[in-house]
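Asks:
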Amino acid sequence: MCGIVAYLGQKDAFPILIKGLQRLEYRGYDSAGVALIDNTLKIYKCKGKVNDLVQHTNNKDVKGTIGMGHTRWATHGVPNDINAHPHLSGDGNLAIIHNGIIENYAALKTELTKRGHSFISDTDTEILIHLIEEIQRETRTTLDEAVRMALHSVVGAYAIVILNKNNPNQIIAARKSSPLVIGIGENEFFLASDATPIVEHTRNVVYMNDDEIAILDRQTGLTIKNIENEIQEPFVQELEWNLELLEKGGYEHFMLKEIHEQPTSIADSMRGRLDAISGYVKLGGIKQFESKLVNAKRIIIVACGTSWHAGLVGEYLFEDLARIPVEVEYASEFRYRNPVLYEDDVVIAISQSGETADTLAAIELAKSKGATIFGICNVVGSSIARNTQAGAYTHAGPEIGVASTKAFTAQLTVLSLMALSTARQRGTISESRFHELLVELEQIPQHVKQALKTEAQIKYIANIFKDSANFLYLGRGYNFPVALEGALKLKEISYIHAEGYPAAEMKHGPIALIDENMPVVVVATNQSAYEKIVSNIQEVKARKGKIIVITSTKDEVMNELADFVVEIPQTAEPLTPMVSVVPLQLLAYHIALLRNCNVDQPRNLAKSVTVE
Ligand code: AGP
């Protein structure tokens, strides 16, 4: 999720761009750059944050009343000066900045290379500006028309802004699946990924729609057309939100915004990686080492915290679908217990930040023993990503809230794709089961959207239990890790003690804790263990525990047993955790809110634990 800002008007563009990028830095910050036109096209870009860009442009010529800026959250190509945006066409006349993913960039690159194009960066963005250049050269048409034609060949998500050295009076922009907002001032225009850089200049905005192209011109003003070249009437709105609300997309906290982003972030973590109809699953980053996974005698998953819970779901996925033995290890324990490791072991390190010290150390230990290491990270070019032989990025976008939510479900998405692809190649699931699970996986964003609709009910439940001293979370099978994750979410942001348990484990001790003051959250969506978990609920009921059930099958038994029944869409059992965790994330959030806790930055916690 990158940050885009642009300006066309009478003022100096540079200070407006820099301030705009600083407003957008929460969207991603591994490198930044600007392009300005004043007699010529000037590009300044570097790895690092916006402040590093400011240092980089010290004493440089940053004049110009037209320009654009970009703060990058890398998806293709590690963060460095070369991969930073803007990118130039081959002739140096066109500059582009981009937020999104061009899925078919490799095919486009092959075709353009045949036509004599050469590329400097590893980005998909550079391919796009060369494509536009090639089309304009071939058709001798206007830049906006060349953009329109090029976008017909593009598969993926984009918000792009383009400058033309030979036309300092015009900015071209286009969007599909990535946001872009136009600000309309007095003889000046603004463009940005969201309204935060715009609101201090003007409150008149146009939210661009998918497949729209905008032409901002000093003479002709604002023109919007769709990809079919039909003129669109701009719908100008007046912004009401203040800056703080805008940064959080209108949500009170980043955590709530990120919980609600999950339909999109899960879709982004699948984008370009599966097609249920053709049965296509492709994780480019593991292709080269995929045979190691397919032939693995054992998989060891190392992680911490929420990522460790994702690893537990991974254990169920790989054992259930691919029939490969899996061990899930706390990285902090693994690194010190002198583990037995073999060269044909496959280690999967899971980490949102890609900087967790214990996980990094666990990788180093495994590498020293000759194991093959895969990484599942959210931050491109992070230490863990760079220290693994192969892996897949989760593409969840920056996760600002300390409590991990969208990164967790994105990790589960990638693990599901890995397990399905491995199972198919090992022949441990039938083609029909493979296709059935792919179809279900494509539906998960919709199911999560439905699960988010339980928020009003969750708020009501939160209000009843906000002063409880303890909580128990129970689950079986694939939902056992979800119970652990639900307990961790509650603990870390509301400071209420909570424990997750396998539901059947209650009778081995914890049931002694049950009385009328103990709320028990039971994740009871499993199709295979449903009857078993019903009897576990009966055991809790018999001891007067207060029962909150998350279920995908509303039946009379559950209604009689539970004090509260939260219903979520049913999906294939291996994919349930991505949906069943959502009400638990919301419950933790709303209880913490009612307890006036600092939801985004809970006490004692850091977003990335880079120390032991
Ligand atoms: C989860 O909500 C916590 N913020 C924490 O447990 C986190 O999952 C853990 O520190 C691991 O972080 P990582 O995924 O960045 O490696």
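Under the numbering used here, the first residue of the sequence shown carries the number 1, and numbering increases by one thereafter. Built from N, CA and C at the ideal position, the CB exists for glycine as well. Only a predicted model underlies this, so the values are computations on that prediction, with no experimental measurement involved.
1. Under DSSP, the beta strand (DSSP E) around residue 502 begins and ends at which residues?
2. With distances taken Cα to Cα, identify the nearest neighbour of residue 353 among 324, 401, 389, 512.
3. Helix, strand or coil: how does DSSP classify residue 589 here?
4. For residue 87, name the three-state secondary structure that DSSP assigns.
5. Using alpha carbons as the reference points, say which of 544, 557, 581 lies closest to residue 530.
6. If I measure Cβ to Cβ from residue 514 and keep anything under 6 Å in the same chain, skipping five residues before and after, which residues do I get?
7. One question on the structure: do residue 37 and residue 165 come within less than 9 Å of each other, judged by their Cβ atoms?
8. What are the uninterrupted segments assigned as beta strand (DSSP E) that are 3 or more residues long and contained completely in the stretch 302-387, given in chain order?
9. Select from 481, 44, 222 the residue whose C-alpha is nearest the C-alpha of residue 68.
10. Please confirm if the stretch 80-90 is in contact with the stretch 125-138, defined as three or more CB-CB distances below 8 Å between the two stretches.
11. Is any heavy atom of ligand 1 found at a distance shorter than 8 Å from the C-beta of residue 303?
12. Residue 477 to residue 486, Cα distance in whole Å?
13. Just how far apart, CA to CA, sit residue 261 and residue 406?
14. Would you check whether ligand 3 has a heavy atom nearer than 8 Å to the C-beta of residue 607?
15. Are three or more beta carbon pairs between the stretch 496-511 and the stretch 336-351 nearer than 8 Å?
16. Within 10 angstroms of the Cβ of residue 386, are there 16 or more other Cβ atoms? Answer buried if so, exposed if not.
17. Using a Cβ-Cβ cut-off of 7 Å (strictly less than) and excluding sequence neighbours within five positions of residue 72, which residues of its own chain qualify?
18. Can you check whether the CB of residue 200 is closer than 9 Å to the CB of residue 10?
19. Along the chain, where does the beta strand (DSSP E) that runs through residue 538 open and close?
20. Below 8 Å CB to CB, which residues in the same chain sit around residue 634 once its five sequence neighbours on both sides are set aside?
21. If you draw a straight line from the alpha carbon of residue 599 to that of residue 194, how long is it in whole angstroms?
22. Under 9 Å between the Cβ atoms of residue 319 and residue 326?
23. With residue 29 as the anchor, note down where its beta strand (DSSP E) starts and where it stops.
24. Should the stretch 420-429 be regarded as contacting the stretch 287-297, the criterion being three or more beta carbon pairs within less than 8 Å?
25. Using C-beta distances below 8 Å, list every residue in its chain close to residue 121, excluding the 5 sequence neighbours before and after it, in chain order.
26. Does the beta-carbon distance from residue 171 to residue 208 come in below 9 Å?
27. Identify which residue in 609, 566, 403, 501 has its Cα closest to the Cα of residue 597.
28. Could you check where the beta strand (DSSP E) with residue 190 kicks off and where it finishes?
29. Mind checking which residues open and close the beta strand (DSSP E) that includes residue 40?
30. Roughly how many angstroms separate the alpha carbons of residue 462 and residue 243, rounded to a whole number?
31. I need the boundaries of the beta strand (DSSP E) containing residue 225, first residue and last residue.
32. Can we say the stretch 44-60 touches the stretch 9-25, given the rule of at least three CB pairs closer than 8 Å?
33. Specify, as a first and last residue, the run of the alpha helix (DSSP H) that residue 485 falls within.
34. For residue 216, is the beta carbon positioned less than 8 Å from some heavy atom of ligand 1?
35. Quick check: the Cα distance between residue 25 and residue 46, rounded to an integer number of angstroms?
36. Apply the 10 Å Cβ neighbour rule to residue 585 and answer buried if 16 or more other Cβ atoms are within range, or exposed otherwise.
Replies: In brief:
1. In the sequence shown, counting from the first residue as 1, residue 502 sits at position 502. Unbroken beta strand (DSSP E) run through residue 502: 497-502.
2. Here residue 353 is taken as the residue at index 353 of the sequence shown, counted from 1. Of the candidates 324, 401, 389, 512, the one whose C-alpha sits nearest the C-alpha of residue 353 is 401.
3. Position 589 of the sequence shown, counted from the first residue, corresponds to residue 589. DSSP places residue 589 in helix when its eight states are reduced to three.
4. Within the sequence shown, residue 87 is the residue found at index 87, counting from 1. Residue state for residue 87 is assigned as strand, using DSSP reduced to three classes.
5. Residue mapping note: residue 530 aligns to position 530 of the sequence shown, counting from 1. In terms of Cα proximity to residue 530, the closest of 544, 557, 581 is 557.
6. Against the sequence shown, residue 514 aligns to sequence position 514. 540, 543, 545.
7. Along the sequence shown, read from residue 1 onward, the residue named residue 37 stands at position 37. Along the sequence shown, read from residue 1 onward, the residue named residue 165 stands at position 165. Yes, the Cβ-Cβ distance between residue 37 and residue 165 is below 9 Å.
8. With a minimum length of 3 residues, the unbroken runs of beta strand (DSSP E) contained wholly in the stretch 302-387 fall at 326-330, 345-351, 372-377.
9. Within the sequence shown, residue 68 is the residue found at index 68, counting from 1. Of the candidates 481, 44, 222, the one whose C-alpha sits nearest the C-alpha of residue 68 is 44.
10. These segments touch.
11. Here residue 303 is taken as the residue at index 303 of the sequence shown, counted from 1. Yes - ligand 1 has a heavy atom lying nearer than 8 Å to the Cβ of residue 303.
12. Your numbering for residue 477 matches position 477 in the sequence shown. Your numbering for residue 486 matches position 486 in the sequence shown. Cα to Cα, the separation comes out at about 15 Å.
13. For the purposes of this step, residue 261 is identified with residue 261 of the sequence shown, where counting begins at 1. For the purposes of this step, residue 406 is identified with residue 406 of the sequence shown, where counting begins at 1. Taking the Cα positions, residue 261 is about 7 Å away from residue 406.
14. In the structure on display, ligand 3 does not appear, and the ligands it does have are ligand 1.
15. A contact between stretches requires three or more CB pairs, one per stretch, nearer than 8 Å, and the stretch 496-511 fails this requirement with the stretch 336-351.
16. Against the sequence shown, residue 386 aligns to sequence position 386. Within 10 angstroms of the beta-carbon of residue 386 lie fewer than 16 other beta-carbons, which makes it exposed.
17. Counted from its first residue, the sequence shown places residue 72 at position 72. Its chain contains 2, 28, 30, 31, 32, 79, 84, 85 as the residues whose beta carbon lies nearer than 7 Å to that of residue 72, once the 5 sequence neighbours on both sides are disregarded; these appear in chain order.
18. Numbered from its first residue, the sequence shown carries residue 10 at position 10. Numbered from its first residue, the sequence shown carries residue 200 at position 200. Contact flag unset, no.
19. On the sequence shown, position 538 is the one that residue 538 refers to. Careful: residue 538 lies outside any beta strand (DSSP E), inside the alpha helix (DSSP H) at 530-542.
20. This structure gives no information on residue 634, because the portion of the chain shown stretches from 1 to 612.
21. To locate residue 599, count along the sequence shown from 1; it is residue 599. To locate residue 194, count along the sequence shown from 1; it is residue 194. Distance between residue 599 and residue 194, taken at the CA atoms: about 23 Å.
22. One-based indexing of the sequence shown puts residue 319 at position 319. One-based indexing of the sequence shown puts residue 326 at position 326. In contact: residue 319 and residue 326 (Cβ atoms closer than 9 Å).
23. Sequence index remark: in the sequence shown, residue 29 carries index 29 (1-based). Taken as a continuous stretch (DSSP letters only), residue 29 belongs to no beta strand (DSSP E), as it is neither H nor E.
24. Three or more pairs of CB atoms, one per stretch, sit closer than 8 Å, so the stretch 420-429 contacts the stretch 287-297.
25. As a first step, residue 121 is located in the sequence shown; it is residue number 121 there, counting from the start. Excluding the 5 residues flanking it on each side, residue 121 has same chain C-beta neighbours closer than 8 Å at 77, 82, 83, 87, in chain order.
26. Residue 171 sits at position 171 when you count from the first residue of the sequence shown. Residue 208 sits at position 208 when you count from the first residue of the sequence shown. Between residue 171 and residue 208, the CB-CB gap reaches or exceeds 9 Å.
27. The residue labelled residue 597 in the question sits at position 597 within the sequence shown. Checking every option, the nearest Cα to that of residue 597 belongs to 403.
28. Start at 1 with the first residue of the sequence shown, and residue 190 comes out as number 190. First-last of the beta strand (DSSP E) with residue 190: 189-192.
29. Numbered from its first residue, the sequence shown carries residue 40 at position 40. For residue 40, the uninterrupted beta strand (DSSP E) run begins and ends at 40-47, by DSSP.
30. Here residue 462 corresponds to residue number 462 of the sequence shown, with the count starting at 1. Here residue 243 corresponds to residue number 243 of the sequence shown, with the count starting at 1. Computed Cα separation, rounded: 29 Å.
31. The sequence position of residue 225 within the sequence shown is 225, counting from 1. From DSSP, the beta strand (DSSP E) with residue 225 extends over 221-226.
32. In short, these stretches touch, since the Cβ pair count reaches three.
33. Position 485 of the sequence shown, counting from 1, holds the residue named residue 485. Per DSSP, residue 485 belongs to the alpha helix (DSSP H) from 480-494.
34. Against the sequence shown, residue 216 aligns to sequence position 216. Outside the cutoff, so no.
35. As a first step, residue 25 is located in the sequence shown; it is residue number 25 there, counting from the start. As a first step, residue 46 is located in the sequence shown; it is residue number 46 there, counting from the start. So the alpha carbons of these two residues sit roughly 14 Å apart.
36. Stepping through the sequence shown from its first residue, residue 585 is reached at position 585. Flag for residue 585 reads buried.
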